[in-house]
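Quick notes on the structure that follows.
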Amino acid sequence: MQMPESKAVPVVSRKSLTLFDTALIGPAIVDAFKKLTPRAQWRSPVMFVVYVGSIITTLLFIQSLVGKGEATPGFIAAISVWLWFTVLFANFAESLAEGRSKAQAASLRALKQTVLAKKLASPKHGTSWLPASPADLRKGDTVLVEAGDVIPVDGEVIEGVASVDESAITGESAPVIRESGGDFSSVTGGTRVLSDWLVVRIAVNPGEAFIDRMIAMVEGAKRQKTPNEIALTILLVALTIIFLIVTVTLLPFSMYSVEAAGSAGITSSPITITVLIALLVCLIPTTIGGLLSAIGVAGMSRMMQANVIATSGRAVEAAGDVDVLLLDKTGTITLGNRQASEFYPAPGVTQIQLADVAQLASLADETPEGRSIVILAKQKFNVRERDIAALNANFVHFSAQTRMSGVDMGERIIRKGSVDAVKKHIELLGHPFPIEVSSTVDDISRRGSTPLVVVDDGRVMGVVELKDIVKGGIKERFAELRRMGIKTVMITGDNKLTAAAIAAEAGVDDFLAEATPEQKLKLIREYQSQGRLVAMTGDGTNDAPALAQADVAVAMNSGTQAAKEAGNMVDLDSNPTKLLEIVEIGKQMLMTRGSLTTFSISNDIAKYFAIIPAAFVTTYPQLKALDIMHLSSPSSAIMSAVIFNALIIVVLIPLALKGVKYRAVGAAALLRRNMLIYGLGGLLVPFVGIKLIDMILTIFGLI
745 MQMPESKAVP VVSRKSLTLF DTALIGPAIV DAFKKLTPRA QWRSPVMFVV YVGSIITTLL
805 FIQSLVGKGE ATPGFIAAIS VWLWFTVLFA NFAESLAEGR SKAQAASLRA LKQTVLAKKL
865 ASPKHGTSWL PASPADLRKG DTVLVEAGDV IPVDGEVIEG VASVDESAIT GESAPVIRES
925 GGDFSSVTGG TRVLSDWLVV RIAVNPGEAF IDRMIAMVEG AKRQKTPNEI ALTILLVALT
985 IIFLIVTVTL LPFSMYSVEA AGSAGITSSP ITITVLIALL VCLIPTTIGG LLSAIGVAGM
1045 SRMMQANVIA TSGRAVEAAG DVDVLLLDKT GTITLGNRQA SEFYPAPGVT QIQLADVAQL
1105 ASLADETPEG RSIVILAKQK FNVRERDIAA LNANFVHFSA QTRMSGVDMG ERIIRKGSVD
1165 AVKKHIELLG HPFPIEVSST VDDISRRGST PLVVVDDGRV MGVVELKDIV KGGIKERFAE
1225 LRRMGIKTVM ITGDNKLTAA AIAAEAGVDD FLAEATPEQK LKLIREYQSQ GRLVAMTGDG
1285 TNDAPALAQA DVAVAMNSGT QAAKEAGNMV DLDSNPTKLL EIVEIGKQML MTRGSLTTFS
1345 ISNDIAKYFA IIPAAFVTTY PQLKALDIMH LSSPSSAIMS AVIFNALIIV VLIPLALKGV
1405 KYRAVGAAAL LRRNMLIYGL GGLLVPFVGI KLIDMILTIF GLI
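Per my numbering, the sequence shown starts with residue 745, numbered consecutively.
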């Protein structure tokens, strides 16, 4: 028994977040303090050393208050405060990046609203339905979704054509058409049907929906480290261990030197543990150590801002190294369905007459090709749709057997269809097929287009050319990819003639025609065997094996469920040229990490000149010669270096979250530029910063 319709639920739009959204700063500050646990700090060995140093100096400060300390309580307290400040702001950077991802996930969770699904008794429109909760739907169930209804769960359209509002998923307000068959049959739970109706077969079980996967994907805090990030972590750990060993051995050397100097009648004092900890923190690469995690999380967040869901940081980073791009033609390079582009009338027939008859034959044709014929007749000759009821027409729909469609109006019979089918049709009626029309058909076929012949009461009226429409602006985007050193290869099941025509129009570097799923897979493996990193975009079920094999696999959100499950990224806008942005974001993440690592290691050099002479001047007075910045006192020098070490993390947080600006230049030129800016900048900035802090401390008598 059919039940009352379920109440429509408003669709939630995703909110874009600014770099320092006020809604994120408060929770990030709280989370920064929550991360002050050994387990959380251990994830970054460099910052764990700073964390342990902060604890030790805090204990030394307490000792100086209750007994004899190794230095004045004020000095130890100041060092301790700035070390804790360093740890907290490293935590804050990571928390802010994670907060952006969590906020995006929270907005996605708003899509998972409770709606009543119309579960059909049998998978056909017009049959009875019963209300059901989305949580009770299982893979294989069928539901009816009508205008105003929210699609309850991910599925495939098996009947019907409808306009769907996917703005809650993609952020775009323009509705899209979803229909049974082909590569535009996939629908996503949480989106709303605006017109007509769809019969949807549920494609997932509870908890496996695309929204669930999106939420899990954007939770950047749960991501795994990428190979490059692991390698960099190992380097940072190695540097930390080396400097830790060096620093620990300095105390006995200092004590021995003091004893030796005392025997010679020279008064000196050994280095203190507080100063050694300050020295260690300034020597190890704390800048990149404090920002490394934030860089990775922010990379995934930037991908989400580009309307691309990445399964992990690995996928984002791999995108930065891509050098071969394979693109499925249909729905990726082209609009997905062939569109009517021109009317070619037969001798004695005008274009307007052909357009009029072709439109009549297409009025009830709901295929994209049929609708395009109606639209082309309107655009070129202002031929308007007729009142179907007034025509007293009997429409004949396309079938695989006849390969024709059309309309019968009394004794008048109008048909359009493939050349062979129409030839057979008019031969049965006793009419000849014009030689001129055959020549037009051959010309259209040679261009890689599809000819549709139109006939009115046995008279051939002419040919309608259907052609693949290359998406606007795609040729220019491919030119940008070429400048980035990425080879583009179009993959299609079309014949070589058609493929060559589309490839030339789109501006791709190469193409694979008459491609089977096995051939796509073989081509990817061939490129990978040459040491190349392969990316592929696709939207069809037949693309799934190749997407699973590719290093970076971007599935179109408009595509099939199989394609989205095989990819490691999903483009919510279903724009194949989005891979250009994906590659830029991947390269940007690599560049940001490399740039900040260069800066971190370079600015350590300046800190050596500030803190080492100050730390050992009482033990080795000769080191005063290395005080090239002429800092006011040893205590001021040490304090200035520690303060600078903390503040530079604060200054670089926006760069870590936003990323270094990407420029489409060669790797060698890019390396030289970054070495000049971040290497030289990292060397010079600390000299200026430490000297300035030293002057401020001296002027205000803070040391």
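All C-beta atoms, glycine included, are put in the ideal place defined by N, C-alpha and C. Every value quoted in this text rests on a predicted model; they were computed, and no experiment measured them.
**Study point:** I1382 versus T1018, V794, V1002, residue with shortest Cα-Cα distance
**Key:** Minimum Cα distance to I1382 is reached at T1018.
Review point. Looking at C-beta atoms only, is the number of pairs between the stretch 1155–1169 and the stretch 1189–1205 that lie closer than 8 Å three or more?
Key: Counting C-beta pairs closer than 8 Å gives three or more between the stretch 1155–1169 and the stretch 1189–1205, which meets the contact rule.
Exercise for review: Taking only heavy atoms of the ligand NAP into account, decide whether any of them is closer than 6 Å to the Cβ of V944.
Suggested key: Annotation note on the ligand NAP: not contained in the displayed structure, which lists no ligands.
Review point. Between the C-alpha atoms of A776 and I1053, what's the straight-line distance to the nearest angstrom?
Key: One C-alpha to the other measures close to 26 Å.
Review point. Would DSSP call M1228 helix, strand or coil?
Key: Coil.
Practice item. Return the chain-ordered ranges of every beta strand (DSSP E) run that is complete within the stretch 1190–1222 and spans a minimum of 3 residues. Key: Those beta strand (DSSP E) runs which fall completely within the stretch 1190–1222 and span 3+ residues are 1194–1200, 1203–1211.
Review point. Anyone know if the C-beta pair for M718 and V1252 falls short of 7 Å?
Key: Because residue 718 is not part of the residues shown, which for the chain are 745 to 1447, the question remains open.
Check your understanding: Where does V1248 land, buried or exposed, given buried means 16+ other C-beta within 10 angstroms?
Key -> In the sequence under discussion, the amino acid at residue 1248 is Ala, which differs from the Val named in the question. A1248 sits exposed, since fewer than 16 C-beta atoms from the chains shown fall within 10 Å of its C-beta.
Exercise for review: Give the secondary structure of W941 by DSSP, where H, G and I count as helix, E and B as strand, and everything else as coil.
Suggested key: In this structure, W941 counts as strand in the three-state DSSP scheme.
Practice item. With DSSP as the reference, label D1254 as helix, strand or coil. Key: The answer is strand: DSSP assigns D1254 an E or B state.
Check your understanding: When you compare each of A1369, N972, R1337 to L1401 by their alpha carbons, which one comes out closest?
Key -> Among A1369, N972, R1337, the Cα nearest to that of L1401 belongs to R1337.
Practice item. Mark S917 as exposed unless 16 or more other C-beta atoms lie within 10 angstroms of its C-beta, in which case mark it buried. Key: A caution first: S917 carries a pLDDT of 47, below 50, which makes its placement in the model too unreliable to give a value.
Exercise for review: Leaving aside the five residues before and after L1210 along the sequence, list all residues of the same chain whose C-beta is less than 8 Å from its C-beta, in chain order.
Suggested key: Cβ within range, chain order: R1082, Q1083, A1084, S1085, E1113, S1116, S1193, T1194, P1195, L1196.
**Study point:** Among S930, D893, I974, nearest to S939 - alpha-carbon criterion
**Key:** Ranking the options by Cα distance to S939, first place goes to D893.
Point to revise | Enclosing beta strand (DSSP E) for A906 [first to last residue] | key: In the DSSP assignment, A906 falls within the beta strand (DSSP E) that extends over 905–909.
**Study point:** Presumed contact (8 Å Cβ cut-off) between L840 and V889, rounded CB distance
**Key:** With 8 Å as the limit, L840 and V889 do not qualify as a contact, their Cβ atoms being about 40 Å apart.
Review point. Hey, quick one: how far does the beta strand (DSSP E) through K862 stretch, first residue to last?
Key: DSSP places K862 in the uninterrupted beta strand (DSSP E) bounded by 861–864.
Point to revise | Buried/exposed call for G1445, threshold 16 Cβ in 10 Å | key: So G1445 ends up on the exposed side.
**Study point:** the stretch 796–806 touching the stretch 818–826, judged by at least three CB pairs closer than 8 Å
**Key:** Yes: at least three Cβ pairs fall under 8 Å.
Point to revise | Local Cβ density within 10 Å of E910, reported as buried at 16 or more and exposed below that | key: With at least 16 other beta carbons inside 10 angstroms of its own, E910 counts as buried.
Check your understanding: Could you give the C-beta distance for E900 and S929, rounded to a whole number, given that I count them as a contact under 8 Å?
Key -> In this structure E900 is in contact with S929, their Cβ atoms being roughly 5 Å apart against a cut-off of 8 Å.
Point to revise | At least 3 beta-carbon pairs within less than 8 Å: the stretch 1034–1049 vs the stretch 1361–1372 | key: Flag = no, the stretch 1034–1049 and the stretch 1361–1372 do not touch.
Review point. Once you ignore the five residues that flank S699 on each side, which residues in its own chain have a CB closer than 6 Å to its CB?
Key: A query on residue 699 cannot be resolved here, the shown segment of the chain reaching from 745 to 1447 and no further.
Review point. Which first and last residues belong to the alpha helix (DSSP H) in which P789 is found?
Key: Here the alpha helix (DSSP H) through P789 covers 789–810.
Exercise for review: Name the one or two DSSP bridge partners that S930 has.
Suggested key: Looking at the DSSP output, S930 bridges to E900.
**Study point:** S872 (DSSP reduced to helix, strand or coil)
**Key:** Three-state DSSP puts S872 in coil, outside helix and strand.
Practice item. Report the rounded CA-to-CA distance for V1173 versus G904, giving the unit in angstroms. Key: Note on identity: in this sequence residue 1173 is Leu, with Val being the wrong assignment. Going by the C-alpha atoms only, they are around 35 Å apart.
Review point. Just how far apart, CA to CA, sit F1125 and A1099?
Key: Each residue's alpha carbon lies about 8 Å from the other.
Practice item. Measure how close the beta-carbons of I1393 and L1071 come, nearest whole angstrom, since I'm counting them as under 8 Å. Key: In this structure I1393 is not in contact with L1071, their Cβ atoms being roughly 41 Å apart against a cut-off of 8 Å.
Practice item. Give me the Cα-Cα distance between V1296 and G1426, rounded to the nearest whole angstrom. Key: For V1296 and G1426, the distance between alpha carbons rounds to 34 Å.
Review point. Beta-carbon separation of A1257 and K1231 under 7 Å?
Key: No; because the gap between Cβ atoms is not below 7 Å, this pair is not in contact.
Check your understanding: In whole angstroms, what is the alpha-carbon distance linking A1413 and L1420?
Key -> Roughly 11 Å between the two C-alpha positions.
Review point. L1225: which of I1326, W786, I1157 sits nearest, CA to CA?
Key: Ranking the options by Cα distance to L1225, first place goes to I1326.
Check your understanding: What are the partner residues of T1078, as DSSP defines its beta bridges?
Key -> Answer is V1214, bridged to T1078.
Point to revise | Residue interval of the beta strand (DSSP E) (run including I921) | key: Run containing I921: 920–923, per the beta strand (DSSP E) assignment.
Exercise for review: Please say whether K1435 and A1385 have beta carbons closer to each other than 7 Å?
Suggested key: Contact: no.
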